[in-house]
Every structure is written in structure tokens, then in C-alpha cells.
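In this note's numbering, the protein residues as written are 2 to 449.
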């Protein structure tokens, strides 16, 4: 079956109607023509935006001249209460300093070190699922992905009291906060209220207070020489090679907040959609289960090389349902794209959702086909039209981490359970990430 895709809006709607649709769901707020467009312009009384679907122009923005296209402040307006000045929102020298400190924690050797914690989280997820039955799988993958983050970042499982509180509060924040708020559409002065609901502000404060407890405890452990050798310790003790300074306490809270958002929310989204795709494609599921059976009950890092098809399934889930469906940059100087003048301050929208389903770029773009990556079209598209983690200098620091975690958990769950759909097809919507409007209902039956 063709995987579900949200309906497109009519080509022409009023600005007010568009804002309302956008706040409710980014995906269904867009017209169908964007799946064929190389570039589209959107004008409002306050700004212009240009959606870019042409691979060579995307390459200019993300890889060739990224400093000319910094992250747009309009996106940060909606996320600032939780993420502060994290690496996800900053630009320029501040961003470069943050990456110099963070990147060493996610180098290849460190992934090997975090692998046992990922396996433990996967085993715990399989145990929680027990005898299977009808499950809402997004809730389960959220739990599993959060467990991975806490085990690899702070060496504590999800059932640790403080970890559970962070997880519960984050779920409340995700339900409350749209990816864009009023300030994303209107040029508001700094003193003007940003339109965050009281509950959103309160939940963000609670999450940050809980993260502060975790980081303060870890700082004390580092000072006493008793800190575990995990990602938090690595990041908190890594000095900037240019200044010799480490993150202070407030900066570390910002970074942990984005690690949780990027490492938990996005992984949970991709894993849930991957399991749904396997549920609706039994032949692919059987191939993943066969690879999982070869792993054994306690896989090692070197066993990942056996999960070739599983990795392509996860890659295909990221293509069809990229967790972050749109990224926004801002032109810092006048540009000319496709014979159009792009003024300074224009918003440059890069949409993995539309790029990954572009009818002129991908073969059968709406189909689920993990084997496509062995074809000439698939190989070419991976190089030029596949950006679930962004690309260039601002590529997601945790991309390698995600491509270990995702296939591993996918194999462990599929190896333990036969998976089938249970209920109507899910409807994709975009809030903080691409999720299902009413969840993803699956039925799990233990294998063997």
C-alpha cells in the first residue's frame, strides 16, 4: 500500500487562513504544486519566503555558502522558551564555539562506547511491550528513545525518578507548542509578548529546572572525580580548543534541552513510522526480522554491519516522514535564484518533506521502497536530495548516533514481534516533529 500522506490545501487561501492552517499543521497547509516546484515564492505584507526544491540551490544554501544563509530567527521564536541559546538556534561565532565543544562527543569512537546503553534501552523496550497486543506505537517509541538519551547522556534509565519527570513534562510541552507562533509571521518588537501559552511557558520552566538538577549533579560528580564516562561528562569537560573555556551551567542546560529534543523526539518519530511501514509491508518486515535473528540476544557494535536492509528501511522512513519537515534560513544579502531577485532578509525555506517526495527527482516518490538505494536514481538522490539531518556545516551533530540507534531498535523490536496494522491509517501532521494526528495503532504478536 502507498504510505499515508496528508491532503494538500487549495492553491489560493488568504494570509489569515494560511497562518491558521500553518499553526495547526505545516504539511496540510501547503499546496500540492510544491511536490513539483523547483522554487516557490510566498509574499506577505511583512516578509517574503522562498521554498527551494532545486538540489543545486539547496547545496548553495547548506554547503557552499552557509554563512550567507544563517538560521532564521523566526523559527527560534517558537522554541526559545525551552531551548534558550542552544546550538540549534544560534548563529555565527556563538554557534561555531558550541559546535567545537559538542562535536567531539559524537565522533565515531564515542558511538561505539554508547552502543551498550542503546542495546540496554532496546532490551527494556522489548520487555515493556511484553506479550504485545494492541499498542499505540508512538508512545512506545517515545519511551524507548527517551531511555536511549538518558542512558547515553546521563547513565540513568528512563525509570529513574528525575528522568521520568523530564520525559512526562516534555510530552506535555510537545502537545502544547506549535513549531511556529505569532512572531514567526509578524515582525514584533522584542518587548512584545510572543504568544506562548501559559502552559507552554510553565512546562518549559519545569523541564529546564529538572535538567538543571541533572547537570548540577553531574558537575558535582565531575568535581569529585566520580562522574561516569558518558556523553554529558564528555561535553561538560571538553574545552573550546580556541579559548580553553567549557560550557557554564546555563549553557549546558540549553544544550541538554536540544539533545533531548533532537535525540528523543526525532528518533521516536522516525522509529514509529518505520514500524508502521513494516506493519503494512510484510515482505520487508520478514527481511528485517531475518537480519534481527542473526544478531542474537546481546548484539555488539560490529553486528551493525549485518543490518543492511534494516538500515535502508530506517533510511526510507526518514525520507517519507522526515522528523523535521522544514528548515528556514535567512538571506543575509541580496541573491538571485532562478532569475528571481531574493532580497536581504527573505526567508529561505528548505523542505525535506517536499524534496524527499519531489516527482521530478525521485522514482515513485510516494512509495515505500527500501531497495531504491541500490538503484542509480536512489544513489544519486542520496547525494543531492536527501536531507533528513540537514547538510553542510550545520548537519545534525547526532546524525551518526541516530543511524545507529534507529536501525538497532527497529531490528530488536521487529525481531521480537510480528507487527500488523490495527486501525485506520495514521494521518501525518507536523508539530515539533512529524507525528500521527491520532497516533499509530499497531498489533504486536511475539515471534516464536
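Here a beta-carbon is modelled for each residue, glycine too, at the ideal position from N, C-alpha and C. None of these values were measured; they are calculated from a predicted model.
Candidates 410, 362, 230, 268: which alpha carbon is nearest residue 121's? Counting from 1 along the chain shown, the entry for residue 121 is found at position 120. That would be 410, whose Cα lies nearest to the Cα of residue 121.
Within 10 angstroms of its Cβ, does residue 252 collect 16 or more other Cβ (buried), or is it exposed? Counting from one through the chain shown, the residue named residue 252 turns up at place 251. It counts as buried.
Along the chain, where does the alpha helix (DSSP H) containing residue 234 start, and where does it finish? Mapped onto the chain shown, residue 234 falls at position 233. That run of the alpha helix (DSSP H) goes 232-238.
Taking DSSP's pairing of strands, which residues face residue 277 in a bridge? The residue labelled residue 277 in the question sits at position 276 within the chain shown. DSSP lists no partner for residue 277.
CB residue 329 to CB residue 349, shorter than 8 Å? By one-based count along the chain shown, residue 329 stands at place 328. By one-based count along the chain shown, residue 349 stands at place 348. Their beta carbons are under 8 Å apart, which means residue 329 touches residue 349 by this criterion.
The segment 262-269 / the segment 432-440 touching (three or more Cβ pairs under 8 Å): Short answer: they touch.
Taking 7 Å as the cut-off, is the C-beta of residue 278 nearer than that to any heavy atom in the ligand GDP? With respect to the ligand GDP, the structure offers nothing, as it holds no ligand at all.
What residue does the beta strand (DSSP E) around residue 41 start on, and which one ends it? Taking the first residue of the chain shown as position 1, residue 41 is located at position 40. Residue 41 -> beta strand (DSSP E) spans 40-44.
Please say whether residue 71 and residue 394 have beta carbons closer to each other than 8 Å? Counting from 1 along the chain shown, the entry for residue 394 is found at position 393. Counting from 1 along the chain shown, the entry for residue 71 is found at position 70. No, the pair does not count as a contact, with Cβ atoms beyond the cut-off.
Have a look at residue 219 and residue 284 and give me their C-alpha separation to the nearest angstrom. Position 218 of the chain shown, counting from 1, holds the residue named residue 219. Position 283 of the chain shown, counting from 1, holds the residue named residue 284. Near 46 Å, if we compare the C-alpha coordinates of residue 284 and residue 219.
Would you list, in sequence order, the uninterrupted alpha helix (DSSP H) runs of no fewer than 4 residues that lie entirely inside the segment 236-312? 250-261, 267-280, 283-296
Own chain residues within Cβ distance below 6 Å of residue 296, not counting five before or after: Here residue 296 is taken as the residue at index 295 of the chain shown, counted from 1. Once the five neighbours on either side are set aside, the close Cβ partners of residue 296 are 304.
Beta-carbon separation of residue 1 and residue 418 under 8 Å? Residue 1 is absent from the structure shown; the chain starts at 2 and stops at 449.
DSSP three-state assignment for residue 327, whether helix, strand or coil: To locate residue 327, count along the chain shown from 1; it is residue 326. Note: residue 327 maps to coil in three-state DSSP.
Roughly how many whole angstroms lie between the Cα atoms of residue 184 and residue 138? For the purposes of this step, residue 184 is taken as the residue at position 183 of the chain shown. For the purposes of this step, residue 138 is taken as the residue at position 137 of the chain shown. For residue 184, the predicted model reports a pLDDT of 46, less than 50, meaning its position is unreliable; a value from the coordinates is still stated below. C-alpha separation (whole angstroms): 34 Å.
Cross-strand partners of residue 372 (DSSP beta bridge): Locating residue 372 in the chain shown gives position 371, where the first residue counts as 1. Beta-bridge pairing links residue 372 to no other residue.
Decide if residue 92 is buried, meaning its Cβ has at least 16 other Cβ atoms within 10 Å, or exposed. Within the chain shown, residue 92 is the residue found at index 91, counting from 1. That one is buried.
I think residue 422 touches residue 281, with their Cβ atoms under 8 Å apart; what is that distance to the nearest whole Å? Within the chain shown, residue 422 is the residue found at index 421, counting from 1. Within the chain shown, residue 281 is the residue found at index 280, counting from 1. About 6 Å separates the two Cβ atoms, so the contact holds.
May I have the straight-line CA-CA distance separating residue 318 from residue 370, to the nearest angstrom? Locating residue 318 in the chain shown gives position 317, counting from the first residue. Locating residue 370 in the chain shown gives position 369, counting from the first residue. Cα-Cα distance, rounded: 10 Å.
Are the beta-carbon atoms of residue 308 and residue 420 separated by less than 8 Å? For the purposes of this step, residue 308 is taken as residue 307 along the chain shown, with counting starting at 1. For the purposes of this step, residue 420 is taken as residue 419 along the chain shown, with counting starting at 1. Not in contact: residue 308 and residue 420 (Cβ atoms no closer than 8 Å).
Measure the alpha-carbon distance for residue 359 versus residue 10 and round it to whole angstroms. Within the chain shown, the letter at position 358 stands for residue 359. Within the chain shown, the letter at position 9 stands for residue 10. Answer to the nearest angstrom: the Cα atoms are 17 Å apart.
How far does the beta strand (DSSP E) with residue 338 in it reach, from first residue to last? Locating residue 338 in the chain shown gives position 337, where the first residue counts as 1. Unbroken beta strand (DSSP E) run through residue 338: 336-338.
Alpha carbon to alpha carbon, how far is residue 124 from residue 105? Give it in angstroms, no decimals. The residue labelled residue 105 in the question sits at position 104 within the chain shown. The residue labelled residue 124 in the question sits at position 123 within the chain shown. So the alpha carbons of these two residues sit roughly 28 Å apart.
Where DSSP assigns a beta bridge to residue 72, which residues make up the other side? Residue mapping note: residue 72 aligns to position 71 of the chain shown, counting from 1. Looking at the DSSP assignment, residue 72 forms a beta bridge with 330.
In the DSSP assignment, the beta strand (DSSP E) including residue 107 goes from what residue to what residue? Locating residue 107 in the chain shown gives position 106, counting from the first residue. That residue, residue 107, is in no beta strand (DSSP E); it is neither H nor E in DSSP.
Would you mind sorting residue 332 into buried or exposed? The rule is 16 or more other CB atoms within 10 Å of its CB. Sequence index remark: in the chain shown, residue 332 carries index 331 (1-based). So residue 332 counts as buried.
Where does residue 167 fall in DSSP's three states? As a first step, residue 167 is located in the chain shown; it is residue number 166 there, counting from the start. If DSSP states are grouped into helix, strand and coil, residue 167 belongs with the helices.
Spell out the partners DSSP gives residue 446 in its beta bridges. Working through the chain shown from its first residue, we reach residue 446 at position 445. Per DSSP, 419.
Using only CA atoms, which one of 365, 56, 98, 205 lies nearest to residue 246? As a working mapping, residue 246 is identified with position 245 in the chain shown. It is 98.
I need the straight-line Cα distance from residue 230 to residue 166, nearest angstrom please. Taking the first residue of the chain shown as position 1, residue 230 is located at position 229. Taking the first residue of the chain shown as position 1, residue 166 is located at position 165. Taking the straight line from one Cα to the other gives about 24 Å.
Report buried or exposed for residue 17, applying the criterion of at least 16 other Cβ atoms within 10 angstroms of its Cβ. The count along the chain shown starts at 1 and reaches residue 17 at position 16. Its Cβ having fewer than 16 others within 10 Å, residue 17 is exposed.
Output yes or no for whether 8 Å exceeds the beta carbon distance between residue 427 and residue 277. Numbered from its first residue, the chain shown carries residue 427 at position 426. Numbered from its first residue, the chain shown carries residue 277 at position 276. Against a cut-off of 8 Å, the Cβ pair of residue 277 and residue 427 comes out as a contact.
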